[in-house]
Amino acid sequence: MSIQVQDLSKQYGVQYALDQVSFTVEKGQIVGLLGPNGAGKTTTMKIISGYMSTFGGEAHVNGMDVRSDPIELKKQIGYLPEHNPLYLDMYIREYLTFIARIYRLEAVNSKVDHIIERTGLTREQHKKIGSLSKGYRQRVGLAQAMIHDPSVLILDEPTSGLDPNQLVEIRQLIRDIATEKTIIFSSHIMQEVQALCERVLILNQGQLVADERTEVLERVLHKQRKIVVELTQSFEGNWSIEGIQEVLSLGHHRYGLVFGKTNIDPRLAIFDFVTRQGHKLLELREEKSSIEDVFQKLTT
Ligand SMILES: Nc1ncnc2c1ncn2[C@@H]1O[C@H](COP(=O)(O)OP(=O)(O)O)[C@@H](O)[C@H]1O
Ligand SMILES: [Mg+2]
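Under my numbering, the final residue of the sequence shown carries the number 1076; numbering is consecutive throughout.
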């Protein structure tokens, strides 16, 4: 077992940032920590990486109590904090050399060479960090987290604020790294976690509300389709459309039509149906499943 937390709790004043959270992560797994802002993701990660020592419960990494030997712990963990704080006035190579020295690594130059190559920074290595795009800054953040070749990586929202191209690149980089390390990364983007992880932990208001394999979650997400329609006036009749499971009245002549997932797109049938009933459509759109839907489905 790489990471083991038991009844993790953290209180700020009267508010619980974490409330009795327990989970384990096996060696080599990549796990997504999902949850809305304020759910407790960062707090969990700070505790596991040894940056927060006052908390309730137990946390072990590679069998080591995170409170017992913070220096040894940090040798085994790489941590990319939220918002990725970097020294903007330093040059990439200079910064990574500095980090390597903090870790008291041997053969600093070759370690720095290696990590620069691994994170795709070869062409930028002589640039100032402050001059880099957000995507390249994330690469530098990942490089500093991995320079000492830790077995466990804790990445706090590594893709937040990236543009679509950078997002793809950083995800690919994480996917590459994942072949050799245990990774926990946090995100509030459902699809991203689906794309990268075999397992998903969902935090909500400090509590772990789901611990599922990604495929289970996908089934939950894809079992239904919801189409929202708006008419010019309300429709009192029976929505007899093939495959319809539920009709939600959303007010102002709007309805949420829930269908079981099939290969048939229900939108055409909805359009035909509404027209046949002598009604007029103002809007017809598919509502994508959101993280809240998954929360609800998994917790009720
Ligand atoms: N230093 C702090 N002082 C007071 N409250 C805090 C502090 N850090 C976090 N919190 C609160 O704890 C809760 C969890 O925060 P956090 O772990 O940062 O969540 P997340 O990373 O999921 O957005 C939030 O309600 C946040 O406001
Ligand atoms: Mg956070």
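Ideal placement from N, C-alpha and C gives every residue a C-beta, glycine not left out.
Contiguous beta strand (DSSP E) elements confined to the stretch 838-877 occur at 853-856, taking only those with 3 or more residues. The continuous alpha helix (DSSP H) containing residue 952 extends over residues 940-953. Between residue 801 and residue 950, the gap from beta carbon to beta carbon reaches 8 Å or more. Looking from the CA of residue 953, the closest CA among 964, 977, 926 belongs to 926. The alpha-carbon of residue 1024 is positioned some 10 Å away from that of residue 1005. Proximity of the beta carbon of residue 811 to ligand 1 is indicated: a heavy atom of the ligand is located closer than 7 Å.
Put simply, of 871, 970, 874, 982 the residue whose alpha carbon is nearest the alpha carbon of residue 813 is 982. A direct Cα-to-Cα measurement between residue 918 and residue 933 gives close to 12 Å. Residue burial annotation: residue 920 is buried, with at least 16 other C-beta atoms found within 10 angstroms of its C-beta. Runs of the alpha helix (DSSP H) lying entirely within the stretch 982-1069, each at least 4 residues long, are 990-998, 1042-1052 in chain order. In the DSSP annotation of this structure, the continuous segment of the alpha helix (DSSP H) that includes residue 921 starts and ends at 910-922. When DSSP reads this structure, residue 885 sits in no beta bridge, so it has no partner. The three-state reading of DSSP puts residue 958 in strand, counting E and B together.
When C-alpha distances from residue 777 are compared across 790, 841, 912, the shortest belongs to 841. In this structure, the alpha-carbon of residue 1022 lies about 49 Å from that of residue 829.
No heavy atom of ligand 2 is found nearer than 7 Å to the CB of residue 935.
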